[in-house]
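Trainee: According to mature numbering (1 follows the signal peptide of the UniProt record, and there is no 0), the residues represented by the sequence shown are -31 to -1, 1 to 599, in order. The C-beta atom is built at its ideal place from N, Cα and C for all residues, glycine as well. The structure follows.
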Amino acid sequence: MEQRLKVWVAALVASVGLCACGGGSSGSSSATPVATTPTSVPTAVPTPTPAPSGGAYAQGTVTGFGSVIIDGVTLDDSSASFKVEQDPSLSSTGTSNDIKLGMKVESDQGSDDKIKTLTALPEVYGRISELQVGVGFKLAGQTVKVSTDAAAPTVFEGASVLADLLVGDIVEVHGSRDAAGVIVATRIERKDPASAVMVRVVGVVSALDNTAKTLVVSGLTVNFSSAKLRPEGVVLENGQLIAVWSDQAISAAGLMSAKAVKVKKPQVGDGLKMQIGGLVVSLNGTALSFKLGEVMVDASKAKFEGGVAADLANGKAVRVGGVWQTDKLVAASVKFVKDSADAKVELKGPITDYISLASFKVRGALVDASAAKIEGGTVDNLANGVLVKLEGSIASGVVQAKALKIETSSASTKPDQAVRTFPGEIKDYVLATGKFTLAGVSQAMQLTDKTVYLNTGSDKAASKADFANGKKVTIRGEVVADILQVREVKFTATKAEPVRLSGVVSGVSSSQFKLNGVLILWSSTTPIEGGTSASLVNGVKVEVSVLKNADLLQAQKIEIKGRASTLEVKGALSDFVSISDFKVAGQKTDASKAEFKDGKSSDLANGRVLEVKGALSNGVLIATRVSFED
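In structure tokens form, the structure reads like this:
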């Protein structure tokens, strides 16, 4: 525990912006409050006694993925374990797909600066009890405000805007509280209405009665007589920040019967580095001290960016870096989160769920790149499996990309021996050497004796004789010595083929629904797996096979997901050793007993985009089905 808390302190140093939904990498964003390496010791603070085993801690908002980006600082999550804290008395397990834009998270880093554990920390979870038109809503006695601040917008999933939500909807909310105790949301996710009953609230204790075993958290009365208290032996006190959880609904009288109570108080060693983000509360302007969540900050020796010390005020969004000394974070830097540049989102990864330039996903985040400047190719070179890097900002839950780069064979992407995907039109083909390029892509490519030729939508073999300039294809292969050695050629189908999309539905009616920001048509005769037509309701997670017809999208088949005990992970394959030892989206996976769809076990290779279903066992996803998505 001590080491984990030491990590907690160090990461806080690098960034303070629970409210900021955007940011760049540690090497490119001026929003980063400390040096390029987020765990470097700030020079503005006297060097304390160093921690004996190193490490760092970060707490803030997820603003992107490359690895994971927390408040604009890129942290390596390649060897991380992932958790979503619901019942705070239990050790939860999850996958990298559980970490999403706008989530409040904490990360423990080792001495090698790599994240050991990355945990999502919802501020409140439960059913909406009251809507406040144009402002927010109430649930579990808490008031939630949707942020319209360009520097810190709210990310939505399962809804596009506040007006999509209804009383009775189950939502998971991430964010931080302002001086009035209102939760300013960085993320609002509508959940499946058939989800198990659960209530979670994070807030400050008041009106504690140890005789009656009751307390109040931001207006919610809690009975903790049957609750597990964590850490073991903790004594509850007024003013403590706690997380309370129950598997029972709040009573008609507004009482929560807690099953777990966790005091969220840092217990860390002096000299550890931290990065933390959030809203300023409990400001003491004379001493230049304030709180961010459970952390007391001493900013008396800090360097201020984007403002001066006099600009500090309760409710201001800031990012703080520093070191832990005795019982507080001594800040080396305080950055004010104040404009759209602070809300920058950065994503890097393979494309999934591709419909058009205006609708696809990268690392699970929905992207609209219709207004983006494209480098390294054209829109014709975009498809599932293509590795891209993009920057943009959040609007109505969608990343509006301003710049998109198709990653080719530059040294920075280290593509050697990783399978890469490129769609496009064949040009400059030389039969004698097998060398060619694709229109819009500068990457040199070459056919080999082992290249396989297929037709899209079937396993029917084509041949090298079909390969010619002007043909539209999807190329897959590995870069060796700067040349893509082609493993597979798929000739583009002459007729439209179904596209698979996954996500949370909203705006459901008897004839249409929204998925990934686009309208999809369906009817009572549309085949549905895992449920019936009555199962298709707002908040349900689905996978849909969609056929494009001009500007219309027609559902061919709908699969209701997320109601079984299985876990699902979608993303790029990496660290391939064997069929029983590889990673998907960072999750360690064993597919030795899996059923394969749209491919074979021999097609497994670094860079392929997969969807894996199975169950976690000792941190390994034991796959029951593997689907190739690129």
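1. So, at 6 Å on beta carbons, what are the nonlocal neighbours of Glu580 in its own chain, with the 5 sequence-adjacent residues on each side left out?
2. State the start and end residues of the unbroken beta strand (DSSP E) segment that holds Gln525.
3. CB-CB under 7 Å to Lys182, same chain, minus the five flanking residues each way: which ones, in chain order?
4. Which of the three DSSP states is assigned to Ala584 in this structure?
5. What does the alpha-carbon distance come out to for the pair Asp559 and Val553?
6. Please report the distance separating the alpha-carbon of Ile529 from that of Met265.
7. With a threshold of 7 Å on Cβ separation, who are the neighbours of Ser215 within its own chain once the five nearest residues in sequence on each side are excluded?
8. What residue range is occupied by the uninterrupted beta strand (DSSP E) comprising Asp267?
9. Thinking Val555 and Ala49 are a contact (beta carbons under 8 Å), I'd like their distance in whole angstroms, please.
10. Ordered along the chain, which non-local residues of its own chain (more than five positions away) have a Cβ less than 6 Å from that of Gly275?
11. Tell me, to the nearest whole angstrom, how far the beta carbon of Val249 is from that of Gly284; I am working on the premise that it is less than 8 Å.
12. Assess contact between the segment 356 to 366 and the segment 318 to 326, defined as three or more Cβ pairs (one per stretch) separated by less than 8 Å. Is contact present?
13. For Phe391, list the residues DSSP reports as bridge partners.
14. Beta carbon of Leu189, beta carbon of Ala109: below 8 Å?
15. Quick one: what does DSSP say Val368 is sitting in, helix, strand or coil?
16. Based on DSSP bridge pairs, tell me the residues matched to Trp214.
17. Strictly by DSSP, which residues pair up with residue 600?
18. Contact between the segment 165 to 180 and the segment 197 to 211: three or more CB pairs below 8 Å?
19. Rounded to whole angstroms, what's the CA-CA distance from Asp418 to Ser543? Just pull it up for me.
20. Taking contact to mean 3 or more Cβ pairs, one atom from each stretch, closer than 8 Å, check whether the segment 344 to 352 and the segment 367 to 374 are in contact.
21. Would you grab the beta carbon distance between Lys526 and Pro496 for me? Rounded to a whole angstrom, and I think it's under 8 Å.
22. For Lys231, I'd like the list of residues in its chain whose CB is within less than 7 Å of its CB, leaving aside the five on either flank, ordered along the chain.
23. From the DSSP output, which residues share a beta bridge with Thr495?
24. If you draw a straight line from the alpha carbon of Thr112 to that of Leu261, how long is it in whole angstroms?
25. For Gly(-10), name the three-state secondary structure that DSSP assigns.
26. If you run the structure through DSSP and keep just helix, strand and coil, what is Ala541?
27. To which residues of the same chain is Leu60 closer than 8 Å at the C-beta, ignoring the five residues directly before and after it?
28. Buried or exposed: which applies to Asn179, given that a residue is buried once 16 or more other Cβ atoms fall within 10 Å of its Cβ?
Mentor: If we stick to the structure as given:
1. Closer than 6 Å at the Cβ level, and outside the excluded window around Glu580, lie Lys539, Ser596, Glu598.
2. Per DSSP, Gln525 belongs to the beta strand (DSSP E) from 521 to 530.
3. These residues qualify, in order along the chain: Asn192, Phe193, Ser194.
4. In this structure, Ala584 counts as strand in the three-state DSSP scheme.
5. A straight line joining the alpha-carbon of Asp559 with that of Val553 spans about 10 Å.
6. The alpha-carbon atoms of Ile529 and Met265 are separated by roughly 45 Å.
7. The residues are Val168, Met225, Ser226, Ala227, Lys228.
8. Annotation: the continuous beta strand (DSSP E) that includes Asp267 extends over 264 to 267.
9. Looking at the sequence itself, residue 555 is Gly, so the reference to Val does not match. About 7 Å; that satisfies the 8 Å criterion.
10. Hits under 6 Å: Lys304, Phe305, Lys307.
11. Rounded, the Cβ-Cβ distance is 7 Å, consistent with contact.
12. When C-beta atoms of the segment 356 to 366 are compared with those of the segment 318 to 326, three or more pairs fall below 8 Å, so the two segments count as touching.
13. The partner list for Phe391 (beta bridge, DSSP) reads Ile444.
14. Going by C-beta atoms, Leu189 is nearer than 8 Å to Ala109.
15. Shown here, Val368 sits in a strand according to DSSP, grouped into three states.
16. Arg169, Ala229, per the DSSP bridge assignment.
17. Since the first and last residues shown for the chain are -31 and 599, residue 600 lies out of range.
18. Taking a contact to require three or more Cβ pairs closer than 8 Å, the segment 165 to 180 and the segment 197 to 211 qualify as touching.
19. Just so you know, the alpha carbons of Asp418 and Ser543 end up roughly 26 Å apart.
20. The answer is yes - the segment 367 to 374 touches the segment 344 to 352, with three or more Cβ pairs under 8 Å.
21. Right, their Cβ atoms sit about 5 Å apart.
22. Cβ neighbours of Lys231 beyond the five flanking positions: Pro57, Ser58, Arg199, Ile211, Ala212.
23. Note: Thr495 sits in no beta bridge, so no partner.
24. When rounded, the separation of the alpha-carbon atoms in Thr112 and Leu261 is 19 Å.
25. With a pLDDT of only 34 at Gly(-10), under 50, the local geometry of the prediction cannot be trusted, and the value read off the model is given with reservation. Gly(-10): coil per DSSP, three-state reduction.
26. Here Ala541 sits in strand by DSSP.
27. Residue identity check: residue 60 is Ser in the sequence provided, not Leu. The residues are Lys52.
28. With fewer than 16 Cβ atoms within 10 Å of its Cβ, Asn179 is classed as exposed.
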